[in-house]
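Novice: Let me give you the structure first, and then I'll get to my questions.
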Amino acid sequence: MALRVNGLPFRHDWEKVITPVVDVAVGIDGVDPDRIGLMGSSFGGYLAPRAAAFEKRLRVLIANPGYLQWGPTIKAALPDALTDALEAGPDAFNAAVAAVSAVAPVVEWYVRDSQWKHGVSTPYELFRELDACDLSEVARHIECDTLIMDGTEEAYSAGQAELLYDALTCPKEFLLFDASSTAQLHCQAGAEATASEFTLDWLDGRL
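Structure (structure tokens):
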């Protein structure tokens, strides 16, 4: 709704979004300001930890899956020709993406959709924005109890959850789902009930 109705795209400094939300939440009757948690799924596995590094009123954090750096995750899926074009600069990369998009409609859709979501107008600007989604220098500032989730058949994060977990200095736990749990896919697709059982038990001991 924020994007479609108000034109507000994603931003890498997600604390600018979450802190105003917490400001409102603590003023609502029935909200315990000492028991506020934040969970981020998919791309939220970057956004939520980023916010938690700066918003200190959070009691708990869940990242499902966690991401330390979003840019390398997306770049890893690029063919070599596009990787080389990205290194060559904006003109070369934008032209290369246009050429690929002309014969691969799914690429055109993905790039245009991502540009819209991130509030940029060219493929090169998109990848620069994705590079800004990097917790390497701020993960150590997260202080709240944190649960990092991952799956053995996670298709999109390329080990990023473990990298984020290792970068944390706060109380932390790593939850890895494998095939025996049926929740091994991205965000436990098809096994949300299994994931909820674990996450709700984890929250119960902390909130």
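For the sequence shown, the positions run 1 to 207 when the UniProt record's numbering is used.
The beta carbon of each residue, even a glycine, is placed where N, CA and C say it ideally should be.
Starting from the Cα of K172, find the closest Cα among E162, S181 and D178 and give me that residue.
Specialist: By 1-based counting over the sequence shown, the position of residue 172 is 172. For K172, the nearest C-alpha among the options comes from E162.
Novice: Note down the Cα distance separating R35 from E108, rounded to an integer number of angstroms.
Specialist: Taking the sequence shown and counting its residues from 1, one reaches residue 35 at position 35. Taking the sequence shown and counting its residues from 1, one reaches residue 108 at position 108. Taking the straight line joining both Cα atoms gives about 43 angstroms.
Novice: Let's see if you can read the secondary structure: which residues bound the beta strand (DSSP E) around K75?
Specialist: Numbered from its first residue, the sequence shown carries residue 75 at position 75. Where K75 is concerned, there is no enclosing beta strand (DSSP E), although the alpha helix (DSSP H) it sits in stretches over W70 to K75.
Novice: In this structure, does DSSP put I18 in helix, strand or coil?
Specialist: If you number the sequence shown from 1, residue 18 lands on position 18. Reduced to three states, the DSSP call for I18 is helix.
Novice: Between which two residues does the alpha helix (DSSP H) containing F127 stretch?
Specialist: As a first step, residue 127 must be located in the sequence shown, where it is residue number 127. Element bounds for F127: P123 to D131.
Novice: Name the two residues that bound the continuous alpha helix (DSSP H) containing F93.
Specialist: Indexing the sequence shown from 1 puts residue 93 at position 93. P90 to V103 is the extent of the alpha helix (DSSP H) around F93.
Novice: Can you name, in chain order, every residue of its own chain whose Cβ lies under 8 angstroms from the Cβ of R50, other than the five neighbours on each side?
Specialist: Taking the sequence shown and counting its residues from 1, one reaches residue 50 at position 50. Answer for R50: H12, D13, W14, E15, C133, L135 and V138, listed in chain order.
Novice: Going by the beta-carbon positions, is the gap between H186 and Y156 smaller than 7 angstroms?
Specialist: Within the sequence shown, the letter at position 186 stands for residue 186. Within the sequence shown, the letter at position 156 stands for residue 156. Cβ distance < 7 angstroms, so H186 and Y156 count as in contact.
Novice: Using three-state DSSP, classify V60 as helix, strand or coil.
Specialist: Numbered from 1 along the sequence shown, position 60 holds the residue referred to as residue 60. DSSP places V60 in strand when its eight states are reduced to three.
Novice: Taking the alpha-carbon positions, what's the A193 to Q160 distance?
Specialist: Against the sequence shown, residue 193 aligns to sequence position 193. Against the sequence shown, residue 160 aligns to sequence position 160. When rounded, the distance between both Cα atoms is 24 angstroms.
Novice: Any idea what DSSP makes of T182, helix, strand or coil?
Specialist: Taking the first residue of the sequence shown as position 1, residue 182 is located at position 182. In this structure, T182 counts as coil in the three-state DSSP scheme.
Novice: With contact counted as at least three CB pairs below 8 angstroms, one residue from each stretch, are the segment 59-76 and the segment 119-133 in contact?
Specialist: In short, these stretches touch, since the Cβ pair count reaches three.
Novice: Extract the residue ranges of the alpha helix (DSSP H) inside the segment 144-168, only unbroken runs of 4 or more that lie entirely within it.
Specialist: Listed in chain order, they are 160-167.
Novice: With DSSP as the reference, identify every bridge partner of S42, one or two as the case may be.
Specialist: Sequence index remark: in the sequence shown, residue 42 carries index 42 (1-based). Bridge partners of S42: none, in fact.
Novice: Please name the residue in L61, A102 and D166 whose C-alpha comes closest to that of L38.
Specialist: What you label residue 38 is simply residue 38 of the sequence shown in a count that begins at 1. Ranking the options by Cα distance to L38, first place goes to L61.
Novice: Using only CA atoms, which one of L164, C170, T169 and D150 lies nearest to residue 215?
Specialist: Nothing can be reported for residue 215, as the shown portion of the chain is limited to 1 through 207.
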